[in-house]
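Engineer: Please see the structure below; I have some questions.
Protein chains: 2
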Amino acid sequence: MQIGRSEDRLQASLGDVTRLLQKHRVLDALIHRQEGSRRDLLENLQHRQNLAELHARLRTLHPADLAFILEALPLDDRSLVWSQTPTGLKGEVLVEVAEGVRRSLVEELPHAGLVGALRALDADDLAYLKDAVPDDVWHEASRSLDAGDQTFLRTAVAYPEASIGHLMSGEVADVRESGTLQDAIDDLRRRGALPDHTDRLFVVDVRHVLRGAIPLADLLHHDPHAPVAEVMTTDLIAFRPDEPIDAAVKAFERYDLISAPVIDDRGKLLGRLSVDVVMDWVRAEADRRALELAGLRGDEDLFAPVMDSARNRWPWLMVNLLTAFVASRVIGLFEHTIEQLVALATLMPIVASVGGNTGNQTVALVVRGLALDQIQAGNARYLVRKEVFVSLLNGVLWGLLVGLFALAIYRSAPLGLVMSVAVLLNLLVAALVGIGVPLVLQRTGRDPARGSSVLLTFITDSMGFLLFLGLAQVFLL
Amino acid sequence: MQIGRSEDRLQASLGDVTRLLQKHRVLDALIHRQEGSRRDLLENLQHRQNLAELHARLRTLHPADLAFILEALPLDDRSLVWSQTPTGLKGEVLVEVAEGVRRSLVEELPHAGLVGALRALDADDLAYLKDAVPDDVWHEASRSLDAGDQTFLRTAVAYPEASIGHLMSGEVADVRESGTLQDAIDDLRRRGALPDHTDRLFVVDVRHVLRGAIPLADLLHHDPHAPVAEVMTTDLIAFRPDEPIDAAVKAFERYDLISAPVIDDRGKLLGRLSVDVVMDWVRAEADRRALELAGLRGDEDLFAPVMDSARNRWPWLMVNLLTAFVASRVIGLFEHTIEQLVALATLMPIVASVGGNTGNQTVALVVRGLALDQIQAGNARYLVRKEVFVSLLNGVLWGLLVGLFALAIYRSAPLGLVMSVAVLLNLLVAALVGIGVPLVLQRTGRDPARGSSVLLTFITDSMGFLLFLGLAQVFLL
Chain A
5 MQIGRSEDRL QASLGDVTRL LQKHRVLDAL IHRQEGSRRD LLENLQHRQN
55 LAELHARLRT LHPADLAFIL EALPLDDRSL VWSQTPTGLK GEVLVEVAEG
105 VRRSLVEELP HAGLVGALRA LDADDLAYLK DAVPDDVWHE ASRSLDAGDQ
155 TFLRTAVAYP EASIGHLMSG EVADVRESGT LQDAIDDLRR RGALPDHTDR
205 LFVVDVRHVL RGAIPLADLL HHDPHAPVAE VMTTDLIAFR PDEPIDAAVK
255 AFERYDLISA PVIDDRGKLL GRLSVDVVMD WVRAEADRRA LELAGLRGDE
305 DLFAPVMDSA RNRWPWLMVN LLTAFVASRV IGLFEHTIEQ LVALATLMPI
355 VASVGGNTGN QTVALVVRGL ALDQIQAGNA RYLVRKEVFV SLLNGVLWGL
405 LVGLFALAIY RSAPLGLVMS VAVLLNLLVA ALVGIGVPLV LQRTGRDPAR
455 GSSVLLTFIT DSMGFLLFLG LAQVFLL
Chain B
5 MQIGRSEDRL QASLGDVTRL LQKHRVLDAL IHRQEGSRRD LLENLQHRQN
55 LAELHARLRT LHPADLAFIL EALPLDDRSL VWSQTPTGLK GEVLVEVAEG
105 VRRSLVEELP HAGLVGALRA LDADDLAYLK DAVPDDVWHE ASRSLDAGDQ
155 TFLRTAVAYP EASIGHLMSG EVADVRESGT LQDAIDDLRR RGALPDHTDR
205 LFVVDVRHVL RGAIPLADLL HHDPHAPVAE VMTTDLIAFR PDEPIDAAVK
255 AFERYDLISA PVIDDRGKLL GRLSVDVVMD WVRAEADRRA LELAGLRGDE
305 DLFAPVMDSA RNRWPWLMVN LLTAFVASRV IGLFEHTIEQ LVALATLMPI
355 VASVGGNTGN QTVALVVRGL ALDQIQAGNA RYLVRKEVFV SLLNGVLWGL
405 LVGLFALAIY RSAPLGLVMS VAVLLNLLVA ALVGIGVPLV LQRTGRDPAR
455 GSSVLLTFIT DSMGFLLFLG LAQVFLL
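If you read the protein sequences in the order shown, they are chains A and B. Just so you know, we're using our numbering here: the first sequence kicks off at 5 and counts up by one. Just so you know, we're using our numbering here: the second sequence kicks off at 5 and counts up by one.
Okay, here's the thing in structure tokens:
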């Protein structure tokens with residue numbers, strides 16, 4: 005009996021592997037201290053025994069657990085574990101592992117090893133890995149599929165990477181509309197195992213056009229002599245292969261689907277999308293977004309080589325420096341003013357920072373609203389009005405507080421007043437820009453989650469300096 | 005035949021509702037321009053007819069679609085649609101709708117209306133809504149459940165909100181270990197419909213201890229006379245009710261589960277967790293995180309009243325202002341230096357900004373690594389070494405670039421040099437703090453995703469000003 009808690013199991017596996025790696029390293033170090041023939045002997049004996057032990061442990065792991073362990077290991081250990089991973093598991097591990105780590109694993113396998121690993125996979129998984137492996141490897145591996153699977157594979161990879169067609173499975177349990185439930189059951193028995201995540205059978209007509217679906221549970225409940233056409237439900241959500249996977253994510257979540265049919269323009273059943281694929285996508289996407297928000301490539305590997313990591317940060321650093329240079333030149337315009345009243349230099353970062361902060365709150369709300377399709381042409385104006393009111397309210401309140409701070413430190417009421425007004429105005433700018441930037445990015449076909457925050461901070465920084473120093477120049481000098 | 009694309013269907017529903025609302029508003033305006041009895045007459049006739057039309061359209065919608073529409077409507081329209089939502093649907097809409105919007109909907113219903121809405125729900129959904137409705141309402145509604153469900157409900161709500169016990173379902177299709185497959189099938193027939201998302205039956209012994217599981221598909225395949233105990237799989241992942249739902253999220257994703265048993269310490273089957281609940285959680289969590297990263301309450305409603313929205317931003321604004329005040333005082337220490345060389349005021353934001361930017365990249369990587377359990381005691385040192393190297397590499401490169409910028413603008417080599425060194429040092433600070441802050445937050449039991457970014461920006465800002473102005477004071481004056 006093997007009923008266990010998943011976390012315990014996984015941590016135990018990771019513990020075992022690290023312990024075996026540790027043993028291996030300690031022995032390696034000992035062996036290197038020995039000399040000559042004695043060293044060779046030890047190396048041959050112990051070294052092999054250790055690796056065999058590691059290999060044996062890895063063989064018992066679920067591919068997803070192995071993928072997790074590989075992701076959590078520094079580069080050297082990762083190579084060692086990967087080299088000891090049984091070939092039969094390697095393909096599935098490549099499917100499960102995170103994108104950045106996958107690249108490093110693919111690079112380490114020779115051509116033949118990679119082909120061998122991929123040969124163990126079915127057509128869906130091969131379609132999924134299309135862009136992750138060299139073209140010649142992929143084609144060689146896909147030739148070992150049977151003719152039907154090869155056709156499906158060619159169809160699937162022709163669709164873009166994040167489309168439903170690319171991610172659908174060709175393994176569909178379909179039954180004919182014309183028979184009875186018993187016919188359907190007999191048919192299933194003949195075929196053997198059902199595809200994973202089959203919660204219902206899809207009903208098709210002679211031309212393979214989708215007509216409805218029958219939940220597996222209904223096959224068990226109903227009179228076996230009932231005609232399929234009478235029992236099936238016809239109210240179902242189907243997808244087209246060219247729809248983005250995001251559409252499926254929303255529908256699966258909203259209608260609690262386990263699987264859904266994919267049909268072409270004439271209604272013919274092409275394949276099936278199942279909840280595990282959708283859920284993997286949701287997780288990977290959330291992960292990617294978190295990194296991209298900070299300006300990293302979404303697939304950065306925690307243990308990537310130093311040079312790769314350093315380079316991964318350049319594009320964002322570059323953008324950041326450019327905007328910082330511009331903000332710096334804005335301040336440069338007022339050097340003369342600052343020279344006369346150096347308190348301005350002390351206070352100006354506050355105005356910029358408050359603007360960036362509240363602006364980014366607005367951006368977060370709007371980006372979420374757009375992602376959930378909650379923002380439409382009809383309510384955008386309502387939203388702008390609301391955010392303007394919020395910013396005026398907070399501007400008066402917090403502007404006053406900031407002004408009092410300036411007054412307390414520099415004992416100058418005019419300086420405090422200028423500070424208050426600058427904060428109020430910059431919050432207003434932040435609200436308008438915080439709504440405007442994501443909307444414009446979305447309308448021009450870009451991802452509002454990616455660029456909005458940089459652009460906003462750039463504007464609120466520059467405007468913060470400009471408003472504060474400009475007002476100071478006019479009213480204080 | 006109703007096979008349709010989900011997005012089309014949803015947008016059509018939203019379109020219909022907005023059109024009906026528009027019609028209602030136009031008529032309302034017209035009616036208000038009339039006077040006296042004529043107005044009453046019109047009001048009685050047209051008004052009612054309009055609302056009836058809206059009511060009829062709402063009745064045909066899926067609760068999840070209704071929830072979506074309510075989320076996308078400004079407050080007035082939302083109230084109107086909610087008041088016209090059929091009582092039978094209201095409970096399910098409350099389950100589906102986002103947290104912030106749910107609060108506003110609950111507030112609008114009178115006591116009796118709310119009880120009526122909740123009475124339509126099953127025990128799982130009632131457990132889910134426990135904290136969303138007033139206690140007396142909840143207890144009154146739960147009294148209409150049958151005795152078994154009431155017992156389950158009391159067990160479920162005793163577990164904390166984000167635990168598996170709180171989110172599990174009491175509807176489990178279980179079969180006895182001792183019978184044959186045919187016995188199990190007959191048993192299912194007697195019970196009627198299976199619970200949603202039943203992909204397999206859980207096998208229990210006489211004391212209701214979990215022994216294994218049988219996929220529904222296997223019931224169809226195998227010889228009906230085979231004993232349950234022979235056909236069942238015994239290698240399965242089970243959860244305890246006190247485990248956090250996050251543990252289930254990871255396991256469901258890793259092992260592609262549709263449903264999983266929840267058992268107590270003695271192995272007795274308590275309930276079942278299904279993939280729809282897990283997926284809802286993943287989506288809601290990703291959503292909440294995106295807002296919380298910007299310092300908003302995770303459940304902020306896009307169309308919340310102005311005052312609520314403004315207040316939602318205060319805690320973060322307060323923190324932000326405090327850190328900005330401190331940074332401002334750091335600059336204040338060097339007022340004398342800035343007075344002598346005003347270029348410093350122009351250049352100092354660049355040093356701070358570059359530090360905050362790269363530090364937040366490190367934070368994003370570390371927070372993700374922690375969330376995925378990839379960072380362990382064993383590899384933390386490796387990570388620190390790597391990030392230090394990355395920051396030194398980028399510090400030299402980008403420090404040089406920034407120094408050249410300063411040189412080009414102010415024609416002073418010493419100023420450029422000070423600038424370069426300050427950037428290099430601040431990147432080093434950013435790397436160390438970027439790793440340290442999330443690790444410390446995690447170790448002290450806090451959520452590293454929440455506070456890390458503010459704390460980091462605070463430190464890189466203050467240190468950026470301190471390093472740059474301090475170096476300038478020592479070497480330039």
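All residues carry an ideal CB built from backbone N, CA and C; glycine is no exception.
1. Quick test of the definition: if touching needs 3 or more C-beta pairs under 8 Å, does the region 200-208 of chain A touch the region 179-187 of chain B?
2. Below 8 Å between beta carbons is the criterion; list the residues of the region 70-89 of chain A that meet it against any residue of chain B, in chain order.
3. Kindly list, in the order they appear in chain B, the residues whose Cβ is closer than 9 Å to that of W320 (chain A).
4. So A217 (chain B) is in the beta strand (DSSP E); what residue range does that whole segment cover?
5. Please compile the residues from chain B whose C-beta is within a distance smaller than 8 Å of the C-beta of K390 (chain A).
6. Mind pulling the chain A residues with CB within less than 8 Å of W402 (chain B)?
7. Nearest CA to the CA of I168 (chain B): which residue from B:P265, B:Q53, B:R270 and B:G299?
8. Determine the closest residue to D20 (chain A) out of A:N430, A:L58 and A:N324, with distance taken between C-alpha atoms.
9. Taking CB distances under 7 Å as the criterion, tell me whether E257 (chain B) reaches chain A.
10. For R215 (chain B), which residues of its own chain have a beta-carbon under 8 Å away from its beta-carbon, when the five flanking residues on both sides are left out?
11. Give the single residue among B:G440, B:D377, B:L445 and B:I342 whose Cα lies nearest to the Cα of L475 (chain B).
12. Going by alpha carbons, who is nearest to P90 (chain A) out of A:D81, A:L62 and A:D135?
13. Taking H66 (chain A) as the query, report the chain B residues whose CB atoms sit under 9 Å from its CB, ordered along the chain.
14. Give me the chain B residues within the contact set of S332 (chain A), using Cβ-Cβ distance strictly less than 7 Å, ordered along the chain.
15. Looking at the structure shown, is R317 (chain B) part of a helix, part of a strand, or coil, going by DSSP?
16. Give the C-beta separation of L4 (chain A) and I335 (chain A) to the nearest angstrom, bearing in mind that I take them to be a contact with Cβ-Cβ under 8 Å.
17. Is the CB of F393 (chain A) under 7 Å away from at least one CB in chain B?
18. Across which residues does DSSP place R276 (chain A) in a beta bridge pair?
19. If contact is defined by three or more beta carbon pairs under 8 Å, each pair taking one atom from either stretch, is the region 460-467 of chain B in contact with the region 432-447 of chain B?
20. So, for V388 (chain A): in the same chain, excluding its five sequence neighbours on each side, which residues have a beta-carbon less than 7 Å away from its beta-carbon?
21. Only counting runs of 3 or more residues, tell me where the beta strand (DSSP E) segments fall wholly within the region 396-423 of chain A, in order along the chain.
22. Excluding the 5 residues preceding and the 5 following D135 (chain A) in the sequence, name in chain order all residues of the same chain whose CB lies nearer than 7 Å to its CB.
23. Please decide whether E175 (chain B) counts as near chain A, where near means a Cβ-Cβ distance under 7 Å.
24. Roughly how many angstroms lie between the CA atoms of R270 (chain B) and R244 (chain B), to the nearest whole one?
25. Across the region 321-333 of chain B and the region 315-325 of chain A, are there enough close Cβ pairs to call them in contact, namely three or more that are closer than 8 Å?
26. Grab me the residues of P78 (chain A)'s own chain with a C-beta within less than 8 Å of its C-beta, minus the 5 sequence neighbours each way, in chain order.
27. Starting from the Cα of Q365 (chain A), find the closest Cα among A:N398, A:A349, A:Q380 and A:L345 and give me that residue.
28. Cβ of A242 (chain B) within 7 Å of Cβ of T202 (chain B)?
29. Buried or exposed: where does F409 (chain A) fall if 16 or more other Cβ atoms within 10 Å of its Cβ makes it buried?
30. Would G92 (chain B) and L125 (chain B) qualify as a contact pair, given that the criterion is a beta-carbon distance under 7 Å?
31. Taking V161 (chain B) as the reference, which of B:L459, B:E144, B:A127 and B:E75 has the closest Cα?
32. Pull up the DSSP beta-bridge partners for V300 (chain B), would you.
33. Check whether the region 453-462 of chain B touches the region 350-370 of chain B, taking contact to mean three or more Cβ pairs, one atom from each stretch, closer than 8 Å.
34. What are the residues of the region 421-453 of chain B that lie near chain A, defined by any Cβ-Cβ distance shorter than 7 Å?
35. Are the C-beta atoms of R287 (chain B) and some chain A residue less than 7 Å apart?
36. Could you give the distance in angstroms between the alpha-carbon of L220 (chain B) and the alpha-carbon of A71 (chain A)?
Structural biologist: On the basis of the data shown:
1. no
2. F72, E75, A76, L77 and P78
3. N361, T362 and Q365
4. L214 to P219
5. F307, V310 and S313
6. L321 and L325
7. B:P265
8. A:L58
9. yes
10. E181, V207, V208, D209, A233, M236 and T238
11. B:I342
12. A:L62
13. R258 and Y259
14. T350, L351, P353 and I354
15. coil
16. Outside the displayed span of chain A (5 to 481) sits residue 4 (chain A), for which this structure offers no information.
17. yes
18. A:S173 and A:P265
19. yes
20. I439
21. none
22. E165
23. no
24. 10 Å
25. no
26. F307
27. A:N398
28. no
29. buried
30. no
31. B:A127
32. The residue you asked about is not Val; residue 300 (chain B) is Leu in the sequence shown. Answer by DSSP bridge pairing: none, since L300 (chain B) is not bridged.
33. yes
34. none
35. yes
36. 29 Å
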